[in-house]
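Notes follow once the structure below has been shown.
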Amino acid sequence: MTTRSDTVRSDAPPGARPAAATATAPAAPTGPAGAPAGTAVAAALARVRDTAEEVFAALADVRAATAGRARSVRRGGRGLASSDLAALRPLLFGRLGAIIAGIGFIAAPGLLADAPWYLEWWQESPSGAPVQLLRDLDPSSSAFYDYTHWDWYAGPATGAERTICGPYVDYLCTDEYSLTLSVPVTLDGVFLGVAAADVFVRRFQAAVVPALREIPVPAFLVNAQGRVVASNTARWVAGSVYRGTEGFAVRRVPGLPLSLVEGTGR
């Protein structure tokens with residue numbers, strides 16, 4: 001979870017520009033084994049998609065469980081309370097580890113009967129036991145943490161089905177270079193809050209950079225603001241910003257608010 005972030009919601013690829021017409025297409029670059037670069041690009045896109053989908057699948061589970069709990073409580077004739085969200089904990093604990101470093105549900109202000117602001121958020125600890133994130137959620141306090149201002153919350157709250165924030169240094173939770181992925185949680189069309197997960201950039205890169213390295217030209221992954229998430233070249237390191245450069249083409253990652261930028265050799 002973040003103190004500085006980038007929301008990925010745009011439908012237009014970052015830095016996209018019309019391709020110039022040419023009389024003769026240049027020869028496709030090939031990898032070390034002579035395979036067309038397009039094969040390596042397709043494999044990299046698939047790796048990125050699969051890695052992110054693993055996180056979004058966990059968030060889909062959290063969303064379904066939260067909405068289901070809210071529906072059950074409503075049928076009982078009372079308002080949802082913070083204690084009701086404790087039922088999510090076995091699910092959240094089971095999703096920690098591997099690529100996910102923190103995960104939970106962040107309630108819309110006023111949703112809960114006993115806590116106008118609330119986070120059911122758990123993260124890894126050095127001991128291996130999940131630790132709950134506790135922040136000052138008293139609006140009268142000078143240290144009040146208004147999470148609705150951050151893009152990982154604002155994106156889903158304003159209609160984005162999938163939001164990815166970062167990379168950013170997560171001073172709030174872990175002091176790690178991180179990404180936050182989030183989705184809206186609704187019940188019968190009413191916004192309840194956000195299901196979100198933190199992913200360390202180093203873990204995300206460990207999963208996708210080997211595939212990027214198979215691309216025989218400079219290639220890097222960016223969010224909708226053009227911020228680099230992972231790269232196969234030192235020229236475009238994580239956190240740097242791509243605004244469109246001659247000699248590069250942009251491909252959207254299917255189903256995700258991310259794009260792959262690759263050198264064209266021109």
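Last residue of the sequence shown: number 266 in my numbering, and the count goes up by one each step with no gaps. Each residue gets a CB set at the ideal place from its N, CA and C atoms; glycine is no exception.
Using the DSSP secondary-structure output, state which residues sit across from residue i in a beta bridge.
| i | result |
| --- | --- |
| D198 | G102 and T180 |
| V190 | L187 |
| G38 | For G38, which the question treats as bridged, DSSP gives no partner whatsoever. |
| Y242 | BP columns for Y242 are empty, so no partner. |
| G155 | In DSSP, G155 forms no bridge with anything. |
| G97 | I100 |
| F248 | G263 |
| V228 | V222 |
| V169 | Y177 |
Would you please state the rounded distance, in angstroms, between the beta carbons of residue i and residue j? I believe it to be under 8 Å.
| i | j | result |
| --- | --- | --- |
| V55 | L181 | 5 Å |
| R47 | A207 | 7 Å |
Classify residue i as helix, strand or coil using the three-state DSSP reduction.
| i | result |
| --- | --- |
| W122 | strand |
| F144 | coil |
| V208 | helix |
| G263 | strand |
| A21 | Below a pLDDT of 50, predicted positions are generally treated as unreliable, and A21, at 31, falls in that range; the measurement from the model is reported next regardless. Note: A21 maps to coil in three-state DSSP. |
| T163 | strand |
| A219 | strand |
| L258 | strand |
| S127 | coil |
| A33 | Confidence at A33 is low in this model, with a pLDDT of 39, below 50, so its placement is unreliable and no value can be given for it. |
Please identify the residue among the options whose C-alpha is closest to the C-alpha of residue i.
| i | options | result |
| --- | --- | --- |
| G38 | V217, G159 and V222 | V217 |
| F204 | V261, I164 and T245 | I164 |
| V253 | V228, S83 and L221 | L221 |
| V237 | V209, G247 and R162 | V209 |
| L258 | T186, Y177, P167 and R202 | P167 |
| T245 | T264, A113 and F93 | T264 |
| I103 | G97, A196 and S141 | A196 |
Given residue i, which residues of its chain have a CB within under 7 Å of its CB, disregarding the five upstream and five downstream residues?
| i | result |
| --- | --- |
| G255 | R49 |
| F191 | A108, A157 and P184 |
| P116 | P109 and G110 |
Output needed for residue i: all residues of its chain with C-beta closer than 8 Å, excluding positions within five of it in sequence on either side, in chain order.
| i | result |
| --- | --- |
| D175 | V169 |
| L45 | R251, V253, P254 and L260 |
Beta carbon of residue i: closer than 6 Å to some heavy atom of the ligand FAD?
| i | result |
| --- | --- |
| A230 | Summarising the ligand content, the structure contains no ligands, and the ligand FAD is consequently not present. |
Starting from the C-beta of residue i, find all residues in its chain whose C-beta is less than 6 Å away, skip the five residues before and the five after it, and write them out in chain order.
| i | result |
| --- | --- |
| T66 | F105 and V185 |
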